[in-house]
Each structure stands twice: as structure tokens, then as C-alpha cells.
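Asks:
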Amino acid sequence: MAIKVEDNEAILRRLRRIEGQVKGIQKMVEEGKHCSDVLVQVSAVRSAMNSVGGLILENYMKNCLKNYLDGVAQDETLDDLVDIMVKYTKQS
Numbered sequence: 002m003a004i005k006v007e008d009n010e011a012i013l014r015r016l017r018r019i020e021g022q023v024k025g026i027q028k029m030v031e032e033g034k035h036c037s038d039v040l041v042q043v044s045a046v047r048s049a050m051n052s053v054g055g056l057i058l059e060n061y062m063k064n065c066l067k068n069y070l071d072g073v074a075q076d077e078t079l080d081d082l083v084d085i086m087v088k089y090t091k092q093s
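Set out below in C-alpha cells:
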């Protein structure tokens, strides 16, 4: 199931921002910055990635449930949704 175009743009903007943060962390490591400063930035990237993942999961959940309630999807779709939710929440 694809992400809606308007959501896609918002997600891509966030991912580009995260990419910039990661490049900043790489530069900090290359320059030998203090570990605590690097770890603060790593934490910020982790938080930003969780936020993006949440947006993608929200979009997927809405589409799956709508399709199921409209009779377009089978029970298997709900099973897939539960599997994805479990996998996503395990890594957070």
C-alpha cells in the first residue's frame, strides 16, 4: 500500500532533515567532538526517525482499516496490519 502524495512530501521533507542531522553527526565524529554532544544528536535523530515511522504507520493503519471496513480488504489485511504494528513497536 503506497503512501498518499501529500503525506509522502511531508515524510520526504522530514527524512531530508534527518539526513542532514546524520551528516552533521558524521562531521562531529570526524572533528573529534565530545561524546556527550554526539550522543545528544544521535538521540535527536532516533526521535525524528520514530516520528517518521509513526506517520507512515498511521497512514498505513488508516488505509488498511478503511479498505477493510469498505469491504475491499480481507481479514488477512488486518493480520498484516497487526504484524506490522508489532514489528514497529518492538524496535522503538
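Okay, so the sequence shown: first residue is 2 according to our numbering, each after it adds one. Glycine residues also receive a C-beta, built at the ideal position from the N, C-alpha and C atoms.
1. For the structure I just gave you, are there three or more beta carbon pairs, one from the region 49-60 and one from the region 24-34, closer than 8 Å?
2. Thinking just about the alpha-carbon of each residue, which of M86, Q75, V46 and L40 is nearest to the one in M62?
3. Check Q75 in the structure and name its three-state DSSP category.
4. How big is the Cα-Cα spacing for R18 and Y89?
5. Mapping DSSP to helix, strand and coil, what is E31?
6. I'd like to check one pair, V46 with Q75: are the Cβ atoms closer than 7 Å?
Replies: Looking at the atomic coordinates:
1. no
2. Residue mapping note: residue 62 aligns to position 61 of the sequence shown, counting from 1. Out of M86, Q75, V46 and L40, M86 has the C-alpha closest to the C-alpha of M62.
3. To locate residue 75, count along the sequence shown from 1; it is residue 74. DSSP places Q75 in coil when its eight states are reduced to three.
4. As a working mapping, residue 18 is identified with position 17 in the sequence shown. As a working mapping, residue 89 is identified with position 88 in the sequence shown. Their backbone Cα atoms lie some 21 Å apart in a straight line.
5. Numbered from 1 along the sequence shown, position 30 holds the residue referred to as residue 31. Helix at E31.
6. Looking up residue 75 in the sequence shown gives position 74. Looking up residue 46 in the sequence shown gives position 45. No, the Cβ-Cβ distance between Q75 and V46 is not below 7 Å.
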